[in-house]
Amino acid sequence: MQLLVDEIHAALTMPEARYVPFGSIAHEMTERAFIFSSASKGWNIAGMKCGVAIAGSAQGASVLAERWEALLCSHLGLLGSVAAFTQSLPWLDAAVAQIDENRKLLARLLREQLPGIGYVPGSATFLAWLDCRHLGLGDDPAAAFLERGRVALSPGADFGAQGAGFARLNIGTSPELIGEAVRRMAAAAP
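Counting from 2, one number per residue, gives the positions in the sequence shown under the working numbering.
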């Protein structure tokens with residue numbers, strides 16, 4: 002059995018949380034893990050197509066080496082990733098501070114305008130997972146918000162059957178746009 006570990010949002014760890022890299026944990030599964038990271042989320046450079054795959058053992062490294070063609074990234078993606086991880090930490094700190102403020106703003110706006118939505122702020126992401134099951138919008142509240150409020154969210158069911166009744170909102174934007182999105186969602190809710 003192998004373990005695939007997604008640490009792509011790790012750079013966006015919020016102030017109250019502590020990021021512990023999986024590979025640093027003394028556990029038998031670290032040797033059987035493949036850990037994936039990228040500058041794509043933290044620095045918003047997903048279009049550059051560059052990620053990092055780390056094998057937890059020599060055997061895992063040989064598996065990656067056998068499949069290196071599928072793991073190649075673009076030259077620009079490599080340069081952008083190196084610059085992000087080595088020269089852009091002050092920018093990342095500012096981005097994390099803004100996302101942290103946006104999480105707090107979203108929580109307040111939902112309490113005030115859409116108290117039927119459950120929301121627990123994430124500890125390392127700009128994506129808000131919204132529990133809309135109590136609004137009576139069915140399994141795909143994102144469709145109702147798009148049709149009635151002209152707000153595009155990701156349908157929860159896109160992330161598995163357990164996501165029915167949920168929607169995902171990207172809060173990696175301006176406070177003004179978050180406010181407008183919540184206003185439109187509130188107008189669209191029954």
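Cβ atoms here follow ideal geometry from the backbone N, Cα and C, with glycine treated the same way.
Problem - L144 and G157 closer than 7 angstroms at C-beta - result: A quick correction: the sequence has Ala, not Leu, at residue 144. Result no, Cβ atoms of A144 and G157 do not sit closer than 7 angstroms.
Handout entry: Buried or exposed by the 16-neighbour rule on C-beta atoms within 10 Å, applied to A85
Key = buried
Practice task
Could you name each continuous beta strand (DSSP E) segment of 3 residues or more that falls completely within the segment 80 to 158, going from the start of the chain to the end?
Solution key: 128 to 132
Handout entry: V183 - DSSP class collapsed to helix/strand/coil
Key = helix
Problem - Own chain partners of G61 with C-beta closer than 7 angstroms, once the 5 adjacent residues on each side are dropped - result: F35
Practice task
Quick one: measure Cβ to Cβ for M1 and L115, integer angstroms, because I've assumed they're closer than 8 angstroms.
Solution key: An answer regarding residue 1 cannot be provided, because it is not within the stretch 2 to 191 covered by the chain.
Exercise for the section: Mind checking who S75 pairs with in its DSSP beta bridge? Expected result: Note: S75 sits in no beta bridge, so no partner.
Exercise for the section: From the DSSP output, read off the bridge partner residues of L4. Expected result: A34
Handout entry: Nearest residue (CA-CA) to S39, options Q163, F127, A108, A12
Key = A12
Problem - Sequence-distant residues of the same chain with beta carbon closer than 7 angstroms to I172, five excluded per side - result: I100, N103, R104, L107, F127, A129, I179
Handout entry: Beta bridge counterpart(s) of I9 as assigned by DSSP
Key = Its beta-bridge partners do not exist; DSSP assigns none.
Practice task
Express the C-alpha separation of G81 and G137 in angstroms, rounding to a whole number.
Solution key: 44 angstroms
Handout entry: Cβ shell of P191 (< 6 angstroms), same chain only, five flanking positions each side left out
Key = G137
Problem - C-beta atoms of A125 and H10 nearer than 7 angstroms - result: yes
Practice task
Would you mind reading off the limits of the alpha helix (DSSP H) that contains V64?
Solution key: 59 to 67
Practice task
Please state whether DSSP places A190 in a helix, a strand or coil.
Solution key: coil
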